[in-house]
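Peer 1: Counting from 183, one number per residue, gives the positions in the sequence shown under the working numbering.
A virtual CB, placed ideally from N, CA and C, is assigned to each residue, including glycine.
Structure below; questions to follow.
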Amino acid sequence: MVRVAEAPSTFPDAIWPFDSAAQVSTVNTSQFQELFYRPLYYWGLNDKVALDPEVSLGEAPAWSPDGKTVTIRVKPWKWSNGEDVTAQDVLFWINMAKAETSNSGYYTPPNPAIGAKYFPDNVASATASGQTLTLTLDTPVSQTWFTDDELSQITPMPLAWDLTGPGQKGGCANDAFGSDAAMADCAADYAYLSAQSTKGGDFAGSPLWSVVDGPWKLKTYNGTSGAYAIVPNTAYSGPQKPYLDEVDFVPYTSDTTEYADLKAGSGGANAIDVGYLPAEDSPTFNAKNPDAGNPLSGAGYYIPAPTYLDEISYYQINFANPDVGPLFKQPYFTKAVQDTVDQQGIINGIWKGWGYPSTGAVPSLPAGNPLSPKSQSEKATYDPAAAKQLLRGHGWNTDSTPATCTNPGTGPDQCGAGIAAGTKAAFTMNYPSGQAALDTMAADMRSDAAKAGIGITVVSQTQNTIGNEGVACTAAQPAGCQWQALLYGGWVFAPDYYPTGDALFATGAGPNVWSFSDPKLDQLIVKTTTGSDVNDLYAYEDYIAGDQPVIYTPNTLTVSEVTRKLHVDAGDPFQGYEPEYWYYTK
Numbered sequence: 183m184v185r186v187a188e189a190p191s192t193f194p195d196a197i198w199p200f201d202s203a204a205q206v207s208t209v210n211t212s213q214f215q216e217l218f219y220r221p222l223y224y225w226g227l228n229d230k231v232a233l234d235p236e237v238s239l240g241e242a243p244a245w246s247p248d249g250k251t252v253t254i255r256v257k258p259w260k261w262s263n264g265e266d267v268t269a270q271d272v273l274f275w276i277n278m279a280k281a282e283t284s285n286s287g288y289y290t291p292p293n294p295a296i297g298a299k300y301f302p303d304n305v306a307s308a309t310a311s312g313q314t315l316t317l318t319l320d321t322p323v324s325q326t327w328f329t330d331d332e333l334s335q336i337t338p339m340p341l342a343w344d345l346t347g348p349g350q351k352g353g354c355a356n357d358a359f360g361s362d363a364a365m366a367d368c369a370a371d372y373a374y375l376s377a378q379s380t381k382g383g384d385f386a387g388s389p390l391w392s393v394v395d396g397p398w399k400l401k402t403y404n405g406t407s408g409a410y411a412i413v414p415n416t417a418y419s420g421p422q423k424p425y426l427d428e429v430d431f432v433p434y435t436s437d438t439t440e441y442a443d444l445k446a447g448s449g450g451a452n453a454i455d456v457g458y459l460p461a462e463d464s465p466t467f468n469a470k471n472p473d474a475g476n477p478l479s480g481a482g483y484y485i486p487a488p489t490y491l492d493e494i495s496y497y498q499i500n501f502a503n504p505d506v507g508p509l510f511k512q513p514y515f516t517k518a519v520q521d522t523v524d525q526q527g528i529i530n531g532i533w534k535g536w537g538y539p540s541t542g543a544v545p546s547l548p549a550g551n552p553l554s555p556k557s558q559s560e561k562a563t564y565d566p567a568a569a570k571q572l573l574r575g576h577g578w579n580t581d582s583t584p585a586t587c588t589n590p591g592t593g594p595d596q597c598g599a600g601i602a603a604g605t606k607a608a609f610t611m612n613y614p615s616g617q618a619a620l621d622t623m624a625a626d627m628r629s630d631a632a633k634a635g636i637g638i639t640v641v642s643q644t645q646n647t648i649g650n651e652g653v654a655c656t657a658a659q660p661a662g663c664q665w666q667a668l669l670y671g672g673w674v675f676a677p678d679y680y681p682t683g684d685a686l687f688a689t690g691a692g693p694n695v696w697s698f699s700d701p702k703l704d705q706l707i708v709k710t711t712t713g714s715d716v717n718d719l720y721a722y723e724d725y726i727a728g729d730q731p732v733i734y735t736p737n738t739l740t741v742s743e744v745t746r747k748l749h750v751d752a753g754d755p756f757q758g759y760e761p762e763y764w765y766y767t768k
């Protein structure tokens, strides 16, 4: 058995691999659901920003000459209940995505003004026969984008899940794609399955979630504490069977408590085998020898080479908040806020070198992403004096913090639309609790912003609370209009692996819970999805660099501690777990 420390106040809370916007997180998907339910296409094995064909359930897509029809052969794996994994299981997920667009965390609505259609609205027909799935699109698309960003979202679902209630058979899996019957039947399935997916106390014993096709199955799960244990799925059809007999995930409310358990040593029965160092207890980063200065070397641990996640880090700013949304809609204001974030100073100080700056909408590290020449030369800026001058030049009195709008209006030297005289340059940012380093970082960002006349009130909450709070402002979700800024952690490019903005920054995109919208950016995004010219992606990158849809923060590297007797995999740049590759050494 191996025991793994969970991040403070962070644990999976949704098991069904059809996530709402509030459930979209690597903690739910890459680190939990994919252990049990393999996606159609699997990425990130061996620390590579690449699709892994061996582990994927689907064979390579085959395209018709006109670029509109794609055929996928599903490998003949087995579900743990003895059912075959077939193309019908893939169609089940696609039917659900078509019927439940409002509940799909990765859905981006059509934009008729610019002719934009995304999955599944761009699918004209979908059929399944045995192991073969055939999709016909209404127009040709970029094949790279469609595989890496659209097909990558799909997780085949067993026919055993086609239920509207206990023992009540549904029809979603077998209905014709897009038919009225499918829309009605999938809605009924969704109501049942989504309710079951949040009943944490029932996860492990559920007859639904115990049907798996991945290398692991859930043994226990505590929906209150977040503790859970996984054991091998003996019916797994994939290429790598687990070596270990069990992996237990141990919850913590603070990294201080976790560190105390690590210091107790790796030899006890309840010792942590895979954990992490709090930033304040980490050694200074040494690229050539990450284990140098390891404070737990004597306790039987080593620090492996860090995994560079395929991510951009930022905090979200709510453009739809009635109080501060008008501030965030002013490019000068968000630029001023960004100029007060001392990314390199935070990395060198708080994180002791374990990190690197976020400089744009496409990750600069790890290698493998198409970066424009401009993106390659982008640097993080820190200039509170320039930020203060930006405010002064747009009608703000910065003699005190927060600054006050004294010249309202829409002129080039005025505060901007929707900002009344007397408005304060201030907002509240919620950030995750349980990590002293984040407490310090939040305090530093507040202090540095104050130098420019920007007031930031920082409030700590659990990571799961922030995740549930971060929903879009709509009539159906009025709570999404209330939050102002959330330091939730940024975006790992999974399961939309091609680093364009259709799933993140396009108007109405599911993860775009901060309600950012830019018509010109939408047009540039569409071009990246319809053509194969990398210059289209470069144009998107270069434009969004000056658009400031979020406030970028440092990308930090986890300082892992692993017991010396355990061999772990090379890491996953999409923050996934692959414990089936772990084993004990003599």
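Under 8 Å, do Ser714 and Ser202 count as touching if we go by C-beta distance?
Peer 2: Along the sequence shown, read from residue 1 onward, the residue named residue 714 stands at position 532. Along the sequence shown, read from residue 1 onward, the residue named residue 202 stands at position 20. No, these two residues do not count as a Cβ contact at 8 Å.
Peer 1: If you draw a straight line from the C-alpha of Ser311 to the C-alpha of Val732, how long is it?
Peer 2: The sequence position of residue 311 within the sequence shown is 129, counting from 1. The sequence position of residue 732 within the sequence shown is 550, counting from 1. One C-alpha to the other measures close to 44 Å.
Peer 1: Output the boundary residues of the alpha helix (DSSP H) element that contains Ile336.
Peer 2: Numbered from its first residue, the sequence shown carries residue 336 at position 154. First-last for Ile336: undefined, no H or E at that position.
Peer 1: Grouping DSSP H, G and I as helix and E and B as strand, with all else coil, what is Val256?
Peer 2: Position 74 of the sequence shown holds residue 256. In this structure, Val256 counts as strand in the three-state DSSP scheme.
Peer 1: Counting only the same chain and skipping the five closest in sequence on each side, list residues whose C-beta sits under 6 Å from that of Asp751.
Peer 2: For the purposes of this step, residue 751 is taken as residue 569 along the sequence shown, with counting starting at 1. For Asp751, where only same-chain residues beyond five positions count, the Cβ hits under 6 Å are Glu760 and Tyr763.
Peer 1: Please report the residue range of the alpha helix (DSSP H) in which Glu723 lies.
Peer 2: Within the sequence shown, the letter at position 541 stands for residue 723. Residues Val716 to Ile726.
Peer 1: Do you know whose CA, among Phe301, Ile197 and Ser207, lies nearest Thr711's CA?
Peer 2: Counting from 1 along the sequence shown, the entry for residue 711 is found at position 529. Out of Phe301, Ile197 and Ser207, Phe301 has the C-alpha closest to the C-alpha of Thr711.
Peer 1: According to DSSP, simplified to helix, strand and coil, what is Met611?
Peer 2: Looking up residue 611 in the sequence shown gives position 429. It is a strand residue.
Peer 1: To the nearest angstrom, how far is it from the Cα of Lys561 to the Cα of Ala727?
Peer 2: Translated into positions along the sequence shown, residue 561 becomes position 379. Translated into positions along the sequence shown, residue 727 becomes position 545. About 11 Å.
Peer 1: Could you give the DSSP three-state label for Val209: helix, strand or coil?
Peer 2: As a first step, residue 209 must be located in the sequence shown, where it is residue number 27. DSSP places Val209 in coil when its eight states are reduced to three.
Peer 1: For Ala242, count the other beta carbons within 10 Å of its own beta carbon; 16 or more makes it buried, fewer makes it exposed. Which is it?
Peer 2: The residue you call residue 242 lines up with position 60 of the sequence shown. With fewer than 16 other Cβ atoms within 10 Å, it is exposed.
Peer 1: Between the Cα of Asp626 and those of Gly527, Ala603 and Val716, spot the shortest distance and give me the residue it belongs to.
Peer 2: Working through the sequence shown from its first residue, we reach residue 626 at position 444. Measuring from the Cα of Asp626, the nearest candidate turns out to be Gly527.
Peer 1: If you drop the 5 nearest sequence neighbours on each side, which residues of the same chain put their C-beta closer than 6 Å to that of Pro291?
Peer 2: Indexing the sequence shown from 1 puts residue 291 at position 109. The answer, listed in chain order, is Gly690.
Peer 1: Check Leu319 in the structure and name its three-state DSSP category.
Peer 2: Locating residue 319 in the sequence shown gives position 137, where the first residue counts as 1. The answer is strand: DSSP assigns Leu319 an E or B state.
Peer 1: Which one of Pro194, Thr251, Gly360 and Trp578 has the shortest CA to CA distance from Asn404?
Peer 2: Here residue 404 corresponds to residue number 222 of the sequence shown, with the count starting at 1. Selected option, being the one with the closest Cα: Pro194.
Peer 1: Gly683 to Ser557, Cα distance in whole Å?
Peer 2: Position 501 of the sequence shown, counted from the first residue, corresponds to residue 683. Position 375 of the sequence shown, counted from the first residue, corresponds to residue 557. Going by the C-alpha atoms only, they are around 15 Å apart.
Peer 1: Could you tell me which of Thr321, Leu233 and Tyr720 sits nearest to Ser559, measuring between CA atoms?
Peer 2: As a working mapping, residue 559 is identified with position 377 in the sequence shown. Checked all of Thr321, Leu233 and Tyr720; the closest Cα to Ser559 is Tyr720.
Peer 1: Cβ of Ala308 within 8 Å of Cβ of Ile276?
Peer 2: In the sequence shown, residue 308 corresponds to position 126, counting from 1. In the sequence shown, residue 276 corresponds to position 94, counting from 1. In contact: Ala308 and Ile276 (Cβ atoms closer than 8 Å).
Peer 1: Straight-line CA distance for Ala342 to Tyr288?
Peer 2: The sequence position of residue 342 within the sequence shown is 160, counting from 1. The sequence position of residue 288 within the sequence shown is 106, counting from 1. So the alpha carbons of these two residues sit roughly 24 Å apart.
Peer 1: Could you tell me if Glu493 is buried or exposed, where buried requires 16 or more neighbouring beta carbons within 10 angstroms of its beta carbon?
Peer 2: On the sequence shown, position 311 is the one that residue 493 refers to. Counting Cβ neighbours within 10 Å, Glu493 comes out buried, since at least 16 surround it.
Peer 1: So the candidates are Pro566, Asn503 and Pro190; which of them puts its Cα closest to the Cα of Thr583?
Peer 2: In the sequence shown, counting from the first residue as 1, residue 583 sits at position 401. For the residues Pro566, Asn503 and Pro190, the minimum Cα distance to Thr583 belongs to Pro566.
Peer 1: How many Å lie between Val184 and Ala676 at the Cα?
Peer 2: Here residue 184 refers to the residue found at position 2 when the sequence shown is read from its first residue. Here residue 676 refers to the residue found at position 494 when the sequence shown is read from its first residue. Cα-Cα distance, rounded: 26 Å.
Peer 1: Counting C-beta neighbours from all protein chains within 10 Å, is the total for Asn152 16 or more, i.e. buried, or is it exposed?
Peer 2: This structure leaves residue 152 out entirely; the chain is present only between 183 and 768.
Peer 1: Using a 10 Å radius around the Cβ and a threshold of 16 neighbouring Cβ atoms, would you call Ala244 buried or exposed?
Peer 2: Locating residue 244 in the sequence shown gives position 62, counting from the first residue. Per the 10 Å Cβ criterion, exposed.
Peer 1: By DSSP, does Lys668 sit in helix, in strand, or in coil?
Peer 2: Indexing the sequence shown from 1 puts residue 668 at position 486. Residue identity check: residue 668 is Leu in the sequence provided, not Lys. Three-state DSSP puts Leu668 in a strand.
Peer 1: Cα separation between Gly482 and Tyr425?
Peer 2: Against the sequence shown, residue 482 aligns to sequence position 300. Against the sequence shown, residue 425 aligns to sequence position 243. Their backbone Cα atoms lie some 22 Å apart in a straight line.
Peer 1: Any idea if Val641 is buried or exposed, counting beta-carbon neighbours within 10 angstroms, 16 or more meaning buried?
Peer 2: Locating residue 641 in the sequence shown gives position 459, counting from the first residue. Exposed, by the Cβ-count rule.
Peer 1: I'd like the list of long-range same chain contacts for Gln270, defined as Cβ closer than 8 Å, with 5 residues on each side in sequence excluded.
Peer 2: What you label residue 270 is simply residue 88 of the sequence shown in a count that begins at 1. Cβ within range, chain order: Ala310, Leu341, Ala355 and Asn356.
Peer 1: Could you have a look at Cys655 and say whether DSSP puts it in helix, strand or coil?
Peer 2: Position 473 of the sequence shown holds residue 655. Reduced to three states, the DSSP call for Cys655 is coil.
Peer 1: Hey, Cys655 and Asn500 are a contact pair by Cβ (cut 8 Å); roughly how many whole angstroms apart?
Peer 2: As a position in the sequence shown, residue 655 is number 473, starting the count at 1. As a position in the sequence shown, residue 500 is number 318, starting the count at 1. About 7 Å; that satisfies the 8 Å criterion.
Peer 1: Measure from the alpha carbon of Ser419 to the alpha carbon of each residue in Ser379, Thr522 and Gly264, then state which is nearest.
Peer 2: On the sequence shown, residue 419 is found 237 positions in, with the first residue counted as 1. That would be Gly264, whose Cα lies nearest to the Cα of Ser419.
Peer 1: Apply the 10 Å Cβ neighbour rule to Gly297 and answer buried if 16 or more other Cβ atoms are within range, or exposed otherwise.
Peer 2: Taking the sequence shown and counting its residues from 1, one reaches residue 297 at position 115. Counting Cβ neighbours within 10 Å, Gly297 comes out exposed, since fewer than 16 surround it.
Peer 1: Apply the 10 Å Cβ neighbour rule to Arg746 and answer buried if 16 or more other Cβ atoms are within range, or exposed otherwise.
Peer 2: As a working mapping, residue 746 is identified with position 564 in the sequence shown. Exposed: under 16 other Cβ atoms inside 10 Å.
Peer 1: Taking 8 Å as the threshold, find out whether the region 545-553 comes into contact with the region 574-589 through three or more Cβ pairs.
Peer 2: No: the two stretches stay apart, fewer than three of their Cβ pairs being nearer than 8 Å.
Peer 1: Measuring straight from C-alpha to C-alpha, what distance separates Pro472 and Pro555?
Peer 2: Residue mapping note: residue 472 aligns to position 290 of the sequence shown, counting from 1. Residue mapping note: residue 555 aligns to position 373 of the sequence shown, counting from 1. Going by the C-alpha atoms only, they are around 30 Å apart.
Peer 1: Following the continuous alpha helix (DSSP H) through Gln520, name the residue where it begins and the one where it ends.
Peer 2: For the purposes of this step, residue 520 is taken as the residue at position 338 of the sequence shown. Looking at the DSSP string, the run of the alpha helix (DSSP H) that includes Gln520 is Pro513 to Asp521.
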